[in-house]
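Residue numbers (my numbering): 2 to 235.
For each residue, glycine too, the CB sits at the ideal point set by N, CA and C.
Just so we're clear, the structure is a prediction, and the values are computed from it rather than from any experiment.
Before any comments, here is the structure.
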């Protein structure tokens with residue numbers, strides 16, 4: 002599942018360039034010192050990874066609470082179905098509802114803080130910008146959050162989101178250095194592949210939740226495994 006997190010981040014970064022690209026292009030990096038510029042960009046990415054890890058930690062805790070009530074398999078199946086539905090439901094349907102309205106004030110504060118941070122050039126500024134950037138609304142981040150909930154505990158949730166963030170680094174870094182490289186038909190083709198991959202991940206979560214006894218892919222439920230082990234001993 003961690004591999005799926007990296008690929009989701011890697012492919013999803015083509016979408017992220019459109020959402021977070023303007024922020025990346027406007028980073029107050031040092032244009033005259035290549036080493037310092039690379040370090041500043043690295044600190045910016047570190048800030049985003051920290052934000053994603055915090056998000057994964059919180060939603061991983063939510064997933065753990067559901068796991069403690071015995072909803073491991075049901076949760077995995079539900080998350081898988083939800084991911085597939087988000088892809089299949091027409092975008093126009095989502096546009097009718099403003100899902101971010103309840104947290105609109107919080108988002109406004111994040112954007113305001115980002116604007117203030119952009120005016121500074123100290124090293125901690127890049128960490129702040131990256132950290133705040135990680136909390137801006139993004140459809141691909143929501144997909145990763147679904148997976149973090151199904152991960153089962155806070156550590157796995159944080160790790161899943163961190164690996165997702167690592168997947169976004171190559172292309173976002175390219176966007177900062179070579180903005181023209183990301184334009185054209187190739188980007189459009191990869192963007193079309195993103196929904197397909199999200200559906201594949203959704204199917205994997207459903208298969209995992211079914212507990213088919215397939216090692217790594219769909220392991221049997223813990224209670225079933227213990228019962229089988231006791232039967233063998235008898």
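Check	Outcome
Outcome for residue 41 when other beta-carbon atoms lying within 10 angstroms are tallied against a minimum of 16	buried
Beta-carbon gap between residue 156 and residue 10 smaller than 9 Å	no
Rounded C-alpha distance that separates residue 224 from residue 60	Unreliable placement is indicated for residue 224, whose pLDDT of 45 sits below 50; the coordinate value is still reported in the next sentence. Using only the alpha carbons, I get a separation of about 25 Å.
Where residue 228 falls: helix, strand or coil (DSSP)	With a pLDDT of 41 at residue 228, under the threshold of 50, the modelled position of this residue cannot be trusted, and the question is left open.
Candidates 43, 34, 37: closest to residue 25 by CA position	43
Neighbourhood of residue 172 by C-beta distance below 6 Å, restricted to the same chain and skipping five residues each side	14
Residue from 164, 38, 8 with nearest C-alpha to residue 55	164
Burial state of residue 123 (16 or more Cβ within 10 Å)	exposed
C-alpha gap between residue 84 and residue 204, whole angstroms	9 Å
Per-residue DSSP class, three states only, for residue 157	helix
Within 9 Å, strictly: CB atoms of residue 162 and residue 202	no
Residue 67 vs residue 150 beta-carbon contact at 9 Å	yes
Residue 213, buried or exposed, once every other Cβ within 10 Å from all chains shown has been counted against 16	exposed
Three-state secondary structure assigned by DSSP to residue 125	helix
Host alpha helix (DSSP H) of residue 81 (start-end)	73–89
Beta carbon proximity, residue 81 to chain B, threshold 9 Å	Absence of chain B from the displayed structure is noted, only one protein chain being present.
Residue environment, residue 58, which counts as buried when at least 16 other CB atoms sit within 10 Å	buried
Own chain residues within Cβ distance below 6 Å of residue 210, not counting five before or after	74, 77, 78
Buried or exposed (CB count within 10 angstroms, at least 16 for buried), residue 89	exposed
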